[in-house]
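Asker: Let me begin by handing over the structure; questions about it come next.
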Amino acid sequence: MNRSAHTVITDGRTTLGAPLTLTELFARSAAAHGDAPAVSDDSGRRLTYAELDRATAELAQRLIDEGVRREDRVGIHRERDVDLVISILGVLRAGAAYVAVDLRYPKARRELMLRAADGRLTLVGPGEREQLGDQVRTLVWEYDAERGPSDAPTAGLPEPDPWDAACVLFTSGSTGTPKGVVVEHHNLVHFATNPLLPELSPADRVAQIANISFDTFHWELWSSFWAGAEIVMMPSVPDLVKGDPGRELRRRRITALLSPTMAFNHIAAEDADVFSSLRVLQTGGDVVRPAACRDVLASRFSGQLVNLYGPTEGTTAATAYTITDVAPDATSVPIGAGLAGVRLHVLDAGLRPVPKGTPGELHIGGAGVTRGYLRDPARTAERFLPDPFGTPGSVMYATGDLVSERPDGVLDYLGRNDDQVKIRGYRVEPREVERALLACSGVLDVAVLPQGEGQDKRLVSFVVPQGRTTMPEVRAYAEATIPDYQVPSEFVQVPEIQSTPHGKRDTAALLQLLGDRDRRRSDYVAPRTDSERYLTQVWEELLGTERISVNDDFFELGGNSMLAFRMSRRINRDQAAGIGLEDVLGNTVLSDMALALDASRSKGEDE
745 MNRSAHTVIT DGRTTLGAPL TLTELFARSA AAHGDAPAVS DDSGRRLTYA ELDRATAELA
805 QRLIDEGVRR EDRVGIHRER DVDLVISILG VLRAGAAYVA VDLRYPKARR ELMLRAADGR
865 LTLVGPGERE QLGDQVRTLV WEYDAERGPS DAPTAGLPEP DPWDAACVLF TSGSTGTPKG
925 VVVEHHNLVH FATNPLLPEL SPADRVAQIA NISFDTFHWE LWSSFWAGAE IVMMPSVPDL
985 VKGDPGRELR RRRITALLSP TMAFNHIAAE DADVFSSLRV LQTGGDVVRP AACRDVLASR
1045 FSGQLVNLYG PTEGTTAATA YTITDVAPDA TSVPIGAGLA GVRLHVLDAG LRPVPKGTPG
1105 ELHIGGAGVT RGYLRDPART AERFLPDPFG TPGSVMYATG DLVSERPDGV LDYLGRNDDQ
1165 VKIRGYRVEP REVERALLAC SGVLDVAVLP QGEGQDKRLV SFVVPQGRTT MPEVRAYAEA
1225 TIPDYQVPSE FVQVPEIQST PHGKRDTAAL LQLLGDRDRR RSDYVAPRTD SERYLTQVWE
1285 ELLGTERISV NDDFFELGGN SMLAFRMSRR INRDQAAGIG LEDVLGNTVL SDMALALDAS
1345 RSKGEDE
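So the sequence shown is residues 745 to 1351, counted in the numbering used here.
See the structure below:
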């Protein structure tokens, strides 16, 4: 194909005509749905759109009084509650951009994000100032529910431009420093109002479960506000699955949810009816399993099921695919066609279009393409390229994702063209993890490699220690320094990081060493009881690991909260036991878990 013959896959209609800002989007809903509930949380607090409008105007004025100006960046370091939403809108109404920091991150990571953002100040709740270092300027603020929002006039607040920065989101960077993606107002408005996404209404109650530093938070927040729906602040996914997620969704009368793909895949595998009460169920962030979709469609769920795809640099989602049926022999689920206002190009290494059915790198153009990386013109220039198929001056983002186009224009995702991997739905550069571990004084050299496929992909770290440093010490350093999804599942001590004759890292030799170690391990203890034998089979299936010892620890073998959720559901289904997720988390060694299973059975028999 030549350039003149190239047809853009999608260049859909614009969503609202003239671009809007997020503050204008919210103002429209506040005017139309003033008395309707806008946001609620676990404390029982609930604000209407009119109350939220006044509360955010009041905070915006406070921020301006503190010196916040247009295009400044303001950190938000808060618990998941009504005040978090007020903070975000208040920052935007002051003309600034927000940098939301999830409190589940280690302190070192939170401080790194805030330093990289170089914000004017950081909004914190009472008692949170001490969680940050002295280098971070903080403003302690909380909404006074008893006093309520002020009725003072809100005229005079700045009017942001649609091309002003709205937020900065950090993604993994191969240099060892996270990349700050600058998302503008018009990007988020284009996404939130996109007519090719499932339509929400004022009757919907939308679950807020996403990591607030992650881009799926955009759908929960801005799509809800555009529709006049209510945002229901809920525990994040790792906390939600500690209980009964289906019961929680029903109890809170949730009608719309965007589930991280990893959570969707795992929950559907064990209890697809968790989603039965939803009207809209979207999933995104990783490769969705065909079996998971079949399970959900065969359950009591009768709503709309949609697979979303898109990088942070393309504003959360660039494509969508409504799933109505999945063939029994299907090996993948399409990522769909472009959203309205999105241009998609499948190109070869020379930026030439490839024929349909031929693999190529996906490049995204149109209204969702963000500004670039914060104060990093070199990396921005590498990925944000002139769009030769668009209008003069337009830009396309090179995703690094390999796709192929079907005859009907729908795209299939094929994988990556670089070392980046998805771990539990998060983009991870193994080299960033290596650089973080090399900062540990007890590490002389390190290699971090991905293991497994799809939702079961994990990181394994091969460590050359300095002195008497132990692998548990290196793990503890990692857990205190980087987000949990970047912490390798295994830390393997090696005498050296082997190289090929050409001086390249010999990854095959390292992985062979891992396999040899498992086969000849000297500490192996075979299962001795029926419960241990049963759990060994379950662990082998869930973890993809053979020759499991009764002294092995679930999390040290690559387990995580979602696999623990699946295990508790599997045990209860197979053994008629009463094992909760907390029982799994409290008995992570196989022999201990077997004792807990025996105790649960005995208790059930006594009753």
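Note that CB positions come from ideal geometry on N, CA and C, so glycine has one too. What you are looking at is a predicted structure, and each value in this text was computed from that prediction instead of being measured.
The alpha helix (DSSP H) with residue 1306 in it runs from where to where?
Answerer: Counted from its first residue, the sequence shown places residue 1306 at position 562. Unbroken alpha helix (DSSP H) run through residue 1306: 1305–1319.
Asker: Identify whether residue 855 lies in helix, strand or coil by the three-state DSSP scheme.
Answerer: Position 111 of the sequence shown, counted from the start, is the residue given in the question as residue 855. The answer is helix: DSSP assigns residue 855 an H, G or I state.
Asker: Applying the criterion that 16 or more other CB atoms from any shown protein chain within 10 Å of the CB defines a buried residue, is residue 1347 buried or exposed?
Answerer: Position 603 of the sequence shown, counted from the start, is the residue given in the question as residue 1347. That one is exposed.
Asker: Work out the CA separation of residue 809 and residue 855 for me, nearest whole Å.
Answerer: In the sequence shown, the residue the question calls residue 855 occupies position 111. In the sequence shown, the residue the question calls residue 809 occupies position 65. Using only the alpha carbons, I get a separation of about 25 Å.
Asker: To which residues of the same chain is residue 792 closer than 7 Å at the C-beta, ignoring the five residues directly before and after it?
Answerer: Residue mapping note: residue 792 aligns to position 48 of the sequence shown, counting from 1. Excluding residues within five positions, the ones whose Cβ falls inside 7 Å are 778, 779, 780, 781, 782.
Asker: Quick check: the Cα distance between residue 1033 and residue 1152, rounded to an integer number of angstroms?
Answerer: In the sequence shown, counting from the first residue as 1, residue 1033 sits at position 289. In the sequence shown, counting from the first residue as 1, residue 1152 sits at position 408. Distance between the alpha carbons of residue 1033 and residue 1152: 22 Å.
Asker: Return the chain-ordered ranges of every beta strand (DSSP E) run that is complete within the segment 1167–1241 and spans a minimum of 3 residues.
Answerer: 1170–1172, 1187–1195, 1202–1209, 1234–1237
Asker: Can you tell me which of the three DSSP states residue 1065 falls into?
Answerer: Here residue 1065 is taken as the residue at index 321 of the sequence shown, counted from 1. Here residue 1065 sits in strand by DSSP.
Asker: Would you mind sorting residue 1337 into buried or exposed? The rule is 16 or more other CB atoms within 10 Å of its CB.
Answerer: The residue you call residue 1337 lines up with position 593 of the sequence shown. Looking at its Cβ environment, which holds 16 or more other Cβ atoms inside 10 Å, residue 1337 is buried.
Asker: In whole angstroms, what is the alpha-carbon distance linking residue 1192 and residue 850?
Answerer: Against the sequence shown, residue 1192 aligns to sequence position 448. Against the sequence shown, residue 850 aligns to sequence position 106. Roughly 20 Å between the two C-alpha positions.
Asker: Given a threshold of 16 other Cβ atoms within 10 Å of its Cβ, counted over all protein chains shown, does residue 1009 qualify as buried or as exposed?
Answerer: Position 265 of the sequence shown, counted from the first residue, corresponds to residue 1009. Label assigned to residue 1009: buried.
Asker: Work out the CA separation of residue 985 and residue 1344 for me, nearest whole Å.
Answerer: Numbered from its first residue, the sequence shown carries residue 1344 at position 600. Numbered from its first residue, the sequence shown carries residue 985 at position 241. Using only the alpha carbons, I get a separation of about 20 Å.
Asker: Reducing DSSP to helix, strand and coil, say where residue 990 ends up.
Answerer: The residue labelled residue 990 in the question sits at position 246 within the sequence shown. Reduced to three states, the DSSP call for residue 990 is helix.
Asker: Applying the criterion that 16 or more other CB atoms from any shown protein chain within 10 Å of the CB defines a buried residue, is residue 923 buried or exposed?
Answerer: As a working mapping, residue 923 is identified with position 179 in the sequence shown. Result: buried.
Asker: When every heavy atom of the ligand SAH is checked, does at least one fall within less than 7 Å of the C-beta of residue 911?
Answerer: As far as ligands go, the structure on display features none, and thus does not contain the ligand SAH.
Asker: Please classify residue 1269 as buried or exposed, where buried requires at least 16 neighbouring CB atoms within 10 angstroms.
Answerer: By one-based count along the sequence shown, residue 1269 stands at place 525. Exposed, since its Cβ has fewer than 16 Cβ neighbours within 10 Å.
Asker: Can you tell me whether residue 1121 is buried or exposed? The criterion is at least 16 other CB atoms within 10 Å of its CB, across all chains shown.
Answerer: For this step, residue 1121 is matched to residue 377 along the sequence shown. It counts as exposed.
Asker: Are residue 929 and residue 910 closer than 8 Å when you measure CB to CB?
Answerer: Locating residue 929 in the sequence shown gives position 185, where the first residue counts as 1. Locating residue 910 in the sequence shown gives position 166, where the first residue counts as 1. The answer is yes: Cβ separation under 8 Å.
Asker: Among residues of its own chain, excluding the 5 on either side of residue 1315, which ones have a beta-carbon nearer than 6 Å to its beta-carbon?
Answerer: For the purposes of this step, residue 1315 is taken as residue 571 along the sequence shown, with counting starting at 1. Here the set comprises 1321, 1323.
Asker: Compute the Euclidean distance between the alpha carbons of residue 937 and residue 776, then round it to the nearest angstrom.
Answerer: Along the sequence shown, read from residue 1 onward, the residue named residue 937 stands at position 193. Along the sequence shown, read from residue 1 onward, the residue named residue 776 stands at position 32. Between residue 937 and residue 776, the C-alpha separation is close to 16 Å.
Asker: Is the segment 1044–1059 close to the segment 1202–1215, with three or more CB pairs under 8 Å?
Answerer: no
Asker: Which whole-angstrom value is the C-beta distance of residue 843 and residue 863, which I expect to be below 8 Å?
Answerer: Within the sequence shown, numbered from 1, the residue matching residue 843 stands at position 99. Within the sequence shown, numbered from 1, the residue matching residue 863 stands at position 119. Sure, about 6 Å apart at Cβ, within 8 Å.
Asker: Let me know the secondary structure DSSP gives residue 886 once reduced to three states.
Answerer: In the sequence shown, counting from the first residue as 1, residue 886 sits at position 142. Residue state, collapsed to three classes: coil.
Asker: Roughly how many whole angstroms lie between the Cα atoms of residue 1195 and residue 1291?
Answerer: Numbered from 1 along the sequence shown, position 451 holds the residue referred to as residue 1195. Numbered from 1 along the sequence shown, position 547 holds the residue referred to as residue 1291. Near 17 Å, if we compare the C-alpha coordinates of residue 1291 and residue 1195.
Asker: List the residues that DSSP assigns as beta-bridge partners of residue 1086.
Answerer: As a first step, residue 1086 is located in the sequence shown; it is residue number 342 there, counting from the start. DSSP output for residue 1086 lists 1110 as bridge partner(s).
Asker: Report all residues from its chain with a CB closer than 7 Å to the CB of residue 773; omit the five preceding and five following residues, and keep chain order.
Answerer: Here the question's residue 773 lines up with position 29 in the sequence shown. The answer, listed in chain order, is 793, 969, 970, 972.
Asker: Enumerate in chain order the residues of its own chain whose CB-to-CB distance from residue 1018 is below 6 Å, with the five nearest sequence positions on each side excluded.
Answerer: Your numbering for residue 1018 matches position 274 in the sequence shown. Same-chain partners within the cutoff: 989, 990, 1011.
Asker: From residue 801 to residue 837, what distance separates their C-alpha atoms?
Answerer: Here the question's residue 801 lines up with position 57 in the sequence shown. Here the question's residue 837 lines up with position 93 in the sequence shown. Using only the alpha carbons, I get a separation of about 7 Å.
Asker: Relative to the alpha-carbon of residue 1226, which residue among 967, 902, 905, 917 has its alpha-carbon at the smallest distance?
Answerer: As a working note, residue 1226 is residue 482 in the sequence shown. Residue 1226 has its Cα closest to that of 917, out of 967, 902, 905, 917.
Asker: Report the rounded CA-to-CA distance for residue 750 versus residue 1097, giving the unit in angstroms.
Answerer: Position 6 of the sequence shown holds residue 750. Position 353 of the sequence shown holds residue 1097. Per-residue confidence for residue 750 stands at a pLDDT of 46, beneath the threshold of 50, marking its modelled position as unreliable; the derived number appears in the next sentence. If I take the Cα positions, the gap works out to 6 Å.
Asker: What does the Cβ neighbour count give for residue 1295, buried or exposed, with the cut at 16 atoms within 10 Å?
Answerer: The residue labelled residue 1295 in the question sits at position 551 within the sequence shown. Exposed.
Asker: Assuming residue 997 and residue 949 are in contact, meaning their beta carbons sit under 8 Å apart, how far apart are those beta carbons, in whole angstroms?
Answerer: Position 253 of the sequence shown, counting from 1, holds the residue named residue 997. Position 205 of the sequence shown, counting from 1, holds the residue named residue 949. Yes, they are in contact, since the Cβ atoms of residue 997 and residue 949 sit about 5 Å apart, within 8 Å.
Asker: Among 1084, 1204, 877, whose alpha-carbon lies nearest the alpha-carbon of residue 939?
Answerer: Translated into the one-based positions of the sequence shown, residue 939 becomes position 195. Nearest neighbour of residue 939 by Cα position, chosen from 1084, 1204, 877, turns out to be 1084.
Asker: By the 10 Å Cβ neighbour count, where 16 or more other Cβ atoms means buried, how is residue 1319 classified, buried or exposed?
Answerer: Locating residue 1319 in the sequence shown gives position 575, counting from the first residue. With 16 or more Cβ atoms within 10 Å of its Cβ, residue 1319 is classed as buried.
Asker: Indicate the three-state DSSP secondary structure (helix, strand or coil) for residue 915 in the structure shown.
Answerer: For the purposes of this step, residue 915 is taken as residue 171 along the sequence shown, with counting starting at 1. DSSP, read as helix, strand or coil, puts residue 915 in strand.
Asker: Go through its chain and collect everything with a Cβ distance to residue 1061's Cβ below 6 Å, but skip five positions before and after it.
Answerer: The sequence position of residue 1061 within the sequence shown is 317, counting from 1. Answer for residue 1061: 1052, 1054, listed in chain order.
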